[in-house]
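*Asks:* Residue numbers (our numbering): 6 to 110. Every residue, glycine too, gets a C-beta built ideally from N, C-alpha and C. First the structure, which I've put down as structure tokens, then a few questions once you've had a look.
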């Protein structure tokens with residue numbers, strides 16, 4: 006008595022539903038901002054060999070992530086879905102956010 010189970014989580018209000026181009030900008034901006042300190046870390050003159058290897062491997066990994074996946078694949082896929090409404094089955098949206106797919110900022 007007095008205990009109930011919420012079977013379906015209600016969708017968030019429309020204020021928190023951001024359009025797809027803004028959703029893909031978050032990882033792109035995060036990745037871009039992350040490259041600046043990695044570059045300065047890799048270029049430290051007084052770093053050991055192991056530290057320099059770790060710095061270069063991080064720099065290479067995040068550069069490949071940005072230039073090899075996020076910009077050519079993910080951003081193009083999200084922008085095509087947003088502006089041309091094609092390939093919509095390839096972009097996964099969370100339940101309750103289906104109405105935000107075609108919103109313009």
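With distances taken between CB atoms, is the gap from residue 84 to residue 26 smaller than 8 Å?
*Replies:* Walking along the chain shown from the start, residue 84 turns up at place 79. Walking along the chain shown from the start, residue 26 turns up at place 21. Going by C-beta atoms, residue 84 is nearer than 8 Å to residue 26.
*Asks:* According to the neighbour-count rule (16 or more other Cβ atoms, all chains shown, within 10 Å of its Cβ), is residue 55 buried or exposed?
*Replies:* Position 50 of the chain shown holds residue 55. With fewer than 16 Cβ atoms within 10 Å of its Cβ, residue 55 is classed as exposed.
*Asks:* Would you tell me roughly how many angstroms separate the C-alpha atoms of residue 36 and residue 48, rounded to the nearest one?
*Replies:* Position 31 of the chain shown, counting from 1, holds the residue named residue 36. Position 43 of the chain shown, counting from 1, holds the residue named residue 48. For residue 36 and residue 48, the distance between alpha carbons rounds to 19 Å.
*Asks:* Assuming residue 80 and residue 41 form a contact by the criterion Cβ under 8 Å, report the distance between their Cβ atoms to the nearest whole angstrom.
*Replies:* To locate residue 80, count along the chain shown from 1; it is residue 75. To locate residue 41, count along the chain shown from 1; it is residue 36. With a Cβ gap of about 20 Å, residue 80 and residue 41 do not count as contacting.
*Asks:* Would residue 38 be called buried (16 or more neighbouring beta carbons within 10 Å of its own) or exposed?
*Replies:* As a working mapping, residue 38 is identified with position 33 in the chain shown. Classification for residue 38: exposed.
*Asks:* Note the first and the last residue of the continuous alpha helix (DSSP H) segment covering residue 78.
*Replies:* On the chain shown, position 73 is the one that residue 78 refers to. Element bounds for residue 78: n/a, residue is neither H nor E.
*Asks:* Is it the case that the Cβ atoms of residue 63 and residue 43 are separated by a distance below 8 Å?
*Replies:* Counting from one through the chain shown, the residue named residue 63 turns up at place 58. Counting from one through the chain shown, the residue named residue 43 turns up at place 38. Closer than 8 Å, so yes.
*Asks:* Could you tell me if residue 65 is buried or exposed, where buried requires 16 or more neighbouring beta carbons within 10 angstroms of its beta carbon?
*Replies:* Locating residue 65 in the chain shown gives position 60, where the first residue counts as 1. So residue 65 counts as exposed.
*Asks:* Residues in the same chain with beta-carbon distance under 6 Å from residue 100, minus the five sequence neighbours each way, listed in chain order, please.
*Replies:* Numbered from 1 along the chain shown, position 95 holds the residue referred to as residue 100. So the list is empty, once near-sequence residues are dropped.
*Asks:* On a CA-only basis, which of 29, 86, 46 is nearest residue 61? Give me that one, please.
*Replies:* As a first step, residue 61 must be located in the chain shown, where it is residue number 56. With distances taken between Cα atoms, residue 61 lies closest to 46.
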